[in-house]
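K.L.:
Would you mind keeping the following structure in view while I ask a few things?
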Amino acid sequence: MAGVARGTRPSANLDLIRGIAAIAVLLGHWRYLFFADFREVTAPGLGTKFFYFLTGFGHESVMVFFVLSGYLVGTSVRSAVGQGRWSWSSYASARLGRLYTVLIPALLIGGTLDFAGASTLGSAGVYAGADPFRAMLPAAPQTQLGTDVLMANLAFLQTVQSPTFGSNSPLWSLANEFWYYVLFPILLLSARPRVELPARLLGLACAFLILAFVGFEIGSLFLIWLMGAAVGDPLANKALGNRASLWAAGGALALSLIASRFGLLFPRMAGDLLVGSCAALWVGSVAWQADRPCRSWTRSLAAYLSNRSYTAYLFHVPALVLLNGFLLGDQPRWSFTGYSLGAGIGVLAAVWLYIELMWRAFESRTTEVRAWIASVRLSRRVPA
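Using our numbering, you'd call the opening residue of the sequence shown number -19 and step up by one each time.
Given below as structure tokens:
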């Protein structure tokens, strides 16, 4: 993501938030795939309750991702427009370079893992579209590996025109992100004071058509992304740049997360909007604080997790599904015990090693990919 310059105090804080959100998503899918649902646990102890509570914030963490994306990308777009250096081509190359550097290998490698698992294990367990996994995997992964599904996911049309590719269910939110990247500059450029009325109406019409095309759910969650963009506006500094706002927003977010975790917010869309709005206020408060410098180890950890958050998000599910197929097969998911927790931590370690390798192979080269795209754009402009 573009946005606040890396190395500033707010950037370190936002990096840590993004890294923790990525870990929360990973933990949620790990727990769901390998451990029995909480309602199946008889006489759970305090440790068991804490385990299920701690690993239950995956969906809410995606709302935090939307807020962070809105804040960082929105700040970048607003700055470029305000300084008169806005260019659709530069913006598109930066955003697509960022997205595709990880997305293309994630689709190809994730699809290969799904195919290998289904070919080896047949229709056992998770590859049978079994009931215990349908909340996360509505269909058997190998049934969603067609070329048409692959191309739709490459065009960010998953959940709009097609399912997500294979077992990679987290791809749903990437479609949201892409269309938000398109919508925000259109709306911002249309809202400039000196824009003539025909151009303004054309921009608003384009935004309306995009929202109609992507549907109600993607359009509704755009409000959360916009909240993130709003708290990045310098005008928000007066309201959020103080300790009282930081603690109030943090408390409101904590309460909304707990309420969401215990199913007290319904319908789900209303709960998402509440969590997203509280997260936006808190992220804005964190970003506008003049905090004490972070300790070096905290800053290093934040950078490490944040740098790998996108790779972790796109690569982890097919790997978890493959390990589930080999370790569980047709057996039921584990009960929570010391032994199963140890085995689960081993699974997590293996998946994180895989994520690290994928990050080194692909996402760590994002700057190089963007530079290559920029050179291609420049060579096309210069006459031979």
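We put the CB at the ideal spot given by N, CA and C, even for glycine.
The structure presented is a predicted model; accordingly, all values stated were derived computationally and were not measured.
#1: Does the Cβ-Cβ distance between F37 and G8 come in under 8 Å?
#2: Looking at C-alpha atoms only, which residue of G146, V47, E40 is the closest neighbour of A209?
#3: Once the 5 residues before and after R386 are set aside, which same chain residues still bring their CB inside 8 Å of it?
#4: Does the region 80 to 96 come within contact of the region 336 to 352, defined as at least 3 CB pairs closer than 8 Å?
#5: Is the region 85 to 99 touching the region 121 to 133 in the sense that three or more CB pairs, one from each, lie closer than 8 Å?
#6: Given V129, which residues of its chain have a CB within under 7 Å of its CB, disregarding the five upstream and five downstream residues?
#7: Identify which residue in S200, T291, L26, R75 has its Cα closest to the Cα of E336.
#8: Bridge partners for F15 per DSSP, in chain order?
#9: Within the continuous alpha helix (DSSP H) that includes M116, where are the two ends?
#10: Excluding the 5 residues preceding and the 5 following L294 in the sequence, name in chain order all residues of the same chain whose CB lies nearer than 6 Å to its CB.
#11: Across which residues does DSSP place S142 in a beta bridge pair?
#12: Just how far apart, CA to CA, sit V106 and Y319?
#13: Is it the case that the Cβ atoms of D399 and P298 are separated by a distance below 8 Å?
#14: By the three-class DSSP mapping on this structure, what secondary structure does A108 have?
#15: Counting C-beta neighbours from all protein chains within 10 Å, is the total for D252 16 or more, i.e. buried, or is it exposed?
#16: Rounded to whole angstroms, what is the Cα-Cα separation between S225 and A216?
#17: Spatial neighbours of L167 within its chain, please: CB distance less than 6 Å, with the 5 preceding and 5 following residues excluded, ordered by chain position.
#18: Check each candidate in E176, W268, W159 and name the one with the smallest Cα separation from K218.
#19: Given S257, which residues of its chain have a CB within under 6 Å of its CB, disregarding the five upstream and five downstream residues?
#20: Check whether the region 12 to 23 and the region 274 to 286 touch, using three or more Cβ-Cβ pairs below 8 Å as the test.
#21: Closer than 7 Å: is that where the CB of Y107 sits relative to any heavy atom of the ligand ADP?
#22: Within this structure, are the beta carbons of R279 and A2 separated by less than 8 Å?
#23: How close, in whole Å, do the beta carbons of T22 and G212 come, if the pair is a contact with beta carbons under 8 Å?
P.N.:
With the given structure in hand:
#1: For F37 and G8, yes; Cβs fall inside 8 Å.
#2: In terms of CA proximity to A209, V47 leads the group G146, V47, E40.
#3: Residue 386 lies beyond the residue range present for the chain, which begins at -19 and ends at 364; the question has no answer from this structure.
#4: Yes, the region 80 to 96 touches the region 336 to 352.
#5: Three or more pairs of CB atoms, one per stretch, sit closer than 8 Å, so the region 121 to 133 contacts the region 85 to 99.
#6: Hits under 7 Å: S142, P143, F145.
#7: With distances taken between Cα atoms, E336 lies closest to T291.
#8: Residue pairing for F15: DSSP places it in a beta bridge opposite W314.
#9: Note, M116: premise wrong, no alpha helix (DSSP H); not H, not E.
#10: Only V82, A86 meet the Cβ criterion.
#11: S142 pairs with Q138.
#12: Each residue's alpha carbon lies about 22 Å from the other.
#13: Nothing about residue 399 can be reported from this structure: the residues present for the chain run from -19 to 364 only.
#14: Helix, per DSSP.
#15: Buried: at least 16 other Cβ atoms inside 10 Å.
#16: Approximately 11 Å, taken between the alpha carbons.
#17: So the list reads A187, once near-sequence residues are dropped.
#18: Looking at the Cα atoms, W268 is the closest of the given residues.
#19: If we look at S257 and ignore the five residues flanking it on each side, its Cβ neighbours are M207.
#20: Fewer than three Cβ pairs drawn from the region 12 to 23 and the region 274 to 286 lie within less than 8 Å of each other, which leaves the two stretches out of contact.
#21: The ligand ADP is not part of the structure shown, which contains no ligands of any sort.
#22: Annotated as distal: R279 and A2, with beta-carbon spacing of 8 Å or more.
#23: Not really, about 48 Å apart at Cβ, beyond 8 Å.
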